[in-house]
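In our numbering, the protein residues as written are -12 to 139. C-beta: ideal position from N, C-alpha, C; glycine also. Below is one structure, written out as C-alpha cells, with a few remarks after it.
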C-alpha cells in the first residue's frame, strides 16, 4: 500500500498523513511543515543550512551518503613531451638518445662560439665614431622647464 507523503519545506523530512502544518503565504505559495518548531524557524527566517538537524545542513556538509563512501581516485598526471620553439619533437628525442659525452662536447663547442661572438661585438661598438659628447642630458619636464607648477 502506497501512502502519500509531503516534504517539509524547511527540514525536508517526510510528512505522513495527519501530521504537520500547512502554511499559505500571501503570494499563494503553499508550505508544509513537519512541526511547529520548523514553522517557527521558517518565519524567523533562520536558514535551514545553519541547523545541524536539517537535511539541508547534512547535504551542505556531505553527511550520510553511504553509497558513495569510496572516494574518487585521482589520476596521476601522465608525462607528455611536446616540441619547443626551434626544435621538433624528433630533434629532442635524438638529443636525449645521445651519449652524455657527445652532448657535453657539443655544448662546449656552442659556448665557445658564443664567446667568440661576444668578443667580436664590443670591438665593433668601439669603432663607431664619437661625434657627439657623452655628457649627461638634463631631464625633460623638470622644474626648470616649468612643469608641475601649482601656484600660478
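Exercise for the section: Going by DSSP, name the residue or residues bridged to residue 33. Expected result: Paired residues: none, contrary to the question.
Problem - Opposing strand residues paired with residue 8 [DSSP bridges] - result: 20
Problem - With 16 other Cβ atoms within 10 Å as the buried cut-off, status of residue 28 - result: buried
Handout entry: Cβ-Cβ distance between residue 143 and residue -5 below 8 Å
Key = The requested residue 143 is not part of the displayed model; the chain covers only -12 to 139.
Practice task
Between the Cα of residue 69 and those of 40, 77 and 62, spot the shortest distance and give me the residue it belongs to.
Solution key: 77
Problem - Classification of residue 14 by the beta-carbon crowding that lies within 10 angstroms, buried from 16 upward - result: exposed
Handout entry: Meets three-Cβ-pair contact criterion under 8 Å: the segment -3 to 8 and the segment 37 to 53
Key = yes
Exercise for the section: Measure from the C-beta of residue 94 to each C-beta in chain B and report whether the shortest distance is under 8 Å. Expected result: No chain B appears in the structure shown, which is made up of a single protein chain.
Practice task
Check the C-beta distance from residue 21 over to residue 2 and give it rounded, since I have them as a contact under 8 Å.
Solution key: 5 Å
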